[in-house]
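Peer 1: In my numbering, the protein residues as written are 131 to 733.
Using N, Cα and C, we set each Cβ at its ideal position, and we do this for glycine too.
No experiment lies behind these values; they were computed from the predicted model shown.
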């Protein structure tokens with residue numbers, strides 16, 4: 131695959147895409163010292179262990195062990211092969227690939243590519259019909275009356291599907307798409323007579339894009355009392371409602387800039403909020419928020435503001451979403467819409483400024499929302515209900531990690547119900563003790579599982595020769611002169627098997643005229659496990675002024691291990707011979723020598 135694109139061009143494209151910028155589009159990165167850290171996108175975690183090293187252009191997770199460069203990151207997270215990753219990076223950096231380097235059918239799932247192509251064609255068609263056709267005037271006027279602007283109609287590529295049984299089918303057929311494939315993709319519907327008909331008819335169309343900005347599905351809003359009122363594309367290989375968020379592709383840069391995301395229930399609310407100046411809004415796609423969606427948001431941002439409908443169903447959905455987002459580590463706020471209004475209705479009624487200031491900026495904290503949510507189920511005029519309410523709220527306050535925040539809400543309870551702070555503090559301490567016992571057990575179990583799952587646990591005591599080989603390889607990856615000295619004196623005679631493989635590739639890398647560049651080198655390694663391990667070695671701290679004597683010490687340590695093994699092998703042969711000659715005293719003396727050598731190796 132790599133041979134299709136010239137190596138020089140591959141290297142130019144890779145260097146034009148800073149790894150921090152690319153990974154920063156998938157992970158919220160924060161600088162700590164020389165490196166950047168965030169939550170690993172490849173395994174679940176609440177404490178950042180995913181490191182990106184800008185000067186070496188590599189990433190490494192200290193939790194799951196994955197590592198590599200910007201190309202291998204994209205291959206892992208997007209499921210790209212090598213050529214697809216390079217093409218993706220070329221598009222980002224503005225490099226033009228040779229025309230003869232077109233994707234082959236083996237590189238892409240052709241069915242999925244056809245569906246994406248059909249969706250893109252229909253996005254353009256429906257948008258054109260909305261803006262320029264007689265049939266689209268009613269839909270266009272409906273959007274304008276609803277407060278949609280020219281800018282938002284164009285930005286979100288809103289469209290109109292004609293109220294015709296076969297308009298879309300004929301268009302797709304003329305474009306060369308197989309109609310049964312379009313039925314499977316949810317763009318058409320099958321009829322009983324084996325024919326097909328348009329799925330979306332007489333509806334305002336909302337393209338649903340993936341995180342790369344490609345249309346993969348549609349949502350259609352009925353204009354003339356059709357049922358259902360909203361109709362989405364069915365789920366497919368490309369469209370999984372529970373893993374996607376509407377408008378995530380456009381909102382992502384605004385989310386990073388604002389360091390906050392606003393979560394809505396539907397795409398109309400997202401677009402209405404966009405018109406009101408809230409451009410970091412996303413929405414679920416007709417379902418409750420899932421754990422996958424919550425974790426996706428957590429990767430990008432700490433703060434999530436939930437802005438659901440103000441009716442009972444919306445409040446209940448806010449409660450569930452807040453719990454889930456808190457569980458994955460987000461800081462949660464919840465907007466308070468009164469009179470059962472939804473965000474779009476509030477904006478149309480009261481305007482953009484009031485929405486920003488009175489709804490978004492004035493959102494409740496997680497605990498304030500929970501107190502309000504719990505309160506609705508109790509009649510606080512009744513003593514029994516008051517006690518139950520206070521007990522429930524104390525359970526929530528006990529979960530707050532910051533003592534100052536905890537005390538703030540305890541004072542609110544104290545003032546509201548005339549309870550002493552001493553009493554409330556005692557209640558909290560009892561709850562914290564119970565929580566502490568459960569958390570300690572959880573931490574212990576996670577610690578045990580982590581040790582079991584890791585191939586190479588950090589801090590594990592390794593034999594001296596093993597540490598010497600790791601340290602030496604770290605120097606060799608950053609210094610061609612050191613690599614040359616080791617090649618001359620030691621060659622490939624390392625003791626650890628994967629070190630032998632890496633050093634063999636490293637010698638070939640330097641012999642090919644390449645300068646030290648671990649980000650480039652990892653692409654030469656044959657599998658992802660070796661790539662991750664090479665990155666781990668490259669991150670081992672080294673001295674900038676290491677002497678030849680110190681390098682020689684590492685080489686000698688490795689040689690000593692080889693000599694010791696050769697000596698032990700020879701002694702074992704002598705021991706066996708002594709046993710065969712019925713000389714137990716001699717055999718015992720040899721056994722003691724072997725044990726002494728092994729003890730020295732361990733030390």
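To the nearest angstrom, how far is the alpha carbon of residue 431 from that of residue 228?
Peer 2: So the alpha carbons of these two residues sit roughly 38 Å apart.
Peer 1: Can you look up residue 376 in the DSSP assignment and give me helix, strand or coil?
Peer 2: Strand.
Peer 1: From what residue to what residue does the beta strand (DSSP E) around residue 362 run?
Peer 2: It spans 360 to 362 - the beta strand (DSSP E) in which residue 362 sits, taken as one unbroken run.
Peer 1: Excluding sequence positions up to five away, which residues of its chain have a Cβ less than 6 Å from the Cβ of residue 219?
Peer 2: These residues qualify, in order along the chain: 143, 147.
Peer 1: Let me know the alpha helix (DSSP H) ranges lying completely inside the stretch 464 to 510, each 4 residues or longer, listed in chain order.
Peer 2: Runs of the alpha helix (DSSP H) inside the stretch 464 to 510: 473 to 480, 496 to 505.
Peer 1: Could you tell me the distance, in whole angstroms, from the CA atom of residue 739 to the CA atom of residue 448?
Peer 2: As displayed, the chain neither begins before 131 nor continues past 733, which places residue 739 out of reach and without an answer.
Peer 1: So if DSSP puts residue 247 in a beta bridge, which residue, or which two residues, is it bridged to?
Peer 2: BP columns for residue 247 are empty, so no partner.
Peer 1: Please report the straight-line C-alpha distance between residue 512 and residue 204, rounded to a whole angstrom.
Peer 2: Residue 512 and residue 204: Cα-Cα distance of roughly 59 Å.
Peer 1: Ordered along the chain, which non-local residues of its own chain (more than five positions away) have a Cβ less than 6 Å from that of residue 356?
Peer 2: Once the five neighbours on either side are set aside, residue 356 has no close Cβ partner at all.
Peer 1: Here's a check: name, in chain order, each residue in its chain whose Cβ is nearer than 7 Å to the Cβ of residue 709, leaving out the five neighbours to either side.
Peer 2: Only 717 meet the Cβ criterion.
Peer 1: Tell me the residue span of the alpha helix (DSSP H) that contains residue 538.
Peer 2: Run containing residue 538: 533 to 547, per the alpha helix (DSSP H) assignment.
Peer 1: Might you give, ordered along the chain, the residues of its own chain that have their beta carbon closer than 7 Å to the beta carbon of residue 441, omitting 5 neighbours on each side?
Peer 2: Counting only Cβ-Cβ distances below 7 Å, and skipping sequence neighbours, we find 470.
Peer 1: Per the DSSP calculation, residue 339 is bridged to which residue(s)?
Peer 2: According to DSSP, residue 339 bridges with 345.
Peer 1: Give me the Cα-Cα distance between residue 593 and residue 621, rounded to the nearest whole angstrom.
Peer 2: So the alpha carbons of these two residues sit roughly 21 Å apart.
Peer 1: Going by the CB atoms, is the gap between residue 316 and residue 366 shorter than 9 Å?
Peer 2: Against a cut-off of 9 Å, the Cβ pair of residue 316 and residue 366 comes out as a contact.
Peer 1: Residue 462 by DSSP, collapsed to three states: which one?
Peer 2: Correct three-state label for residue 462: strand.
Peer 1: Going straight from the alpha carbon of residue 363 to that of residue 299, what length do you get?
Peer 2: Between residue 363 and residue 299, the C-alpha separation is close to 15 Å.
Peer 1: Which same chain residues end up closer than 7 Å to residue 406 when comparing Cβ atoms and leaving out the 5 residues on each side of it in sequence?
Peer 2: Excluding residues within five positions, the ones whose Cβ falls inside 7 Å are 477, 482, 485, 486.
Peer 1: Rounded to the nearest angstrom, what separates residue 541 and residue 464 at their Cα positions?
Peer 2: Whole-angstrom Cα-Cα distance: 21 Å.
Peer 1: Kindly indicate which three-state DSSP category residue 445 falls into: helix, strand or coil?
Peer 2: Note: residue 445 maps to helix in three-state DSSP.
Peer 1: Give me the DSSP bridge partner(s) of residue 191.
Peer 2: Answer is 180, bridged to residue 191.
Peer 1: Using 9 Å as the threshold, is the C-beta distance between residue 489 and residue 467 below it?
Peer 2: Yes, the Cβ-Cβ distance between residue 489 and residue 467 is below 9 Å.
Peer 1: Is it the case that the Cβ atoms of residue 374 and residue 419 are separated by a distance below 9 Å?
Peer 2: Not in contact: residue 374 and residue 419 (Cβ atoms no closer than 9 Å).
Peer 1: Going by DSSP in three states, residue 597 sits in which element: helix, strand or coil?
Peer 2: Note: residue 597 maps to helix in three-state DSSP.
Peer 1: Would residue 500 pass as a contact of residue 452 if the rule is Cβ separation under 9 Å?
Peer 2: In contact: residue 500 and residue 452 (Cβ atoms closer than 9 Å).
Peer 1: Whole-angstrom Cβ separation of residue 561 and residue 591, contact assumed at under 8 Å?
Peer 2: No, residue 561 and residue 591 are not in contact; Cβ-Cβ is about 41 Å, not under 8 Å.
Peer 1: The alpha helix (DSSP H) with residue 658 in it runs from where to where?
Peer 2: Looking at the DSSP string, the run of the alpha helix (DSSP H) that includes residue 658 is 658 to 668.
Peer 1: Which residue's Cα is closest to the Cα of residue 96: 184, 199, 179?
Peer 2: One cannot answer for residue 96 here, as it falls past the ends of the chain, which runs 131 to 733.
Peer 1: Going by beta carbon distance, what residues of the same chain come within less than 6 Å of residue 289, once the five residues before and after it are set aside?
Peer 2: Answer for residue 289: 256, 257, 260, 335, listed in chain order.
Peer 1: Could you check what DSSP says for residue 166 in three-state terms: helix, strand or coil?
Peer 2: Strand, per DSSP.
Peer 1: Quick one: residues in its chain with C-beta nearer than 7 Å to the C-beta of residue 153, no 5 flanking neighbours on either side, listed in chain order?
Peer 2: For residue 153, where only same-chain residues beyond five positions count, the Cβ hits under 7 Å are 159, 182, 189, 203.
Peer 1: Give the C-beta separation of residue 333 and residue 353 to the nearest angstrom, bearing in mind that I take them to be a contact with Cβ-Cβ under 8 Å.
Peer 2: About 7 Å; that satisfies the 8 Å criterion.
Peer 1: Residues in the same chain with beta-carbon distance under 6 Å from residue 379, minus the five sequence neighbours each way, listed in chain order, please.
Peer 2: Within the same chain, residue 379 has close Cβ partners 339, 341, 343.
Peer 1: Across the stretch 664 to 679 and the stretch 601 to 617, are there enough close Cβ pairs to call them in contact, namely three or more that are closer than 8 Å?
Peer 2: Verdict: yes, contact present.
Peer 1: Using a Cβ-Cβ cutoff of less than 8 Å, which residues in the same chain neighbour residue 584 once the five nearest sequence positions on both sides are dropped?
Peer 2: Summary for residue 584: the model assigns pLDDT 37, below 50, so the residue's position carries little reliability; its value from the coordinates is reported in the next sentence. Correct list, in chain order: 195.
Peer 1: Looking at the unbroken alpha helix (DSSP H) that takes in residue 624, where does it start and where does it end?
Peer 2: Careful: residue 624 lies outside any alpha helix (DSSP H) and carries neither H nor E.
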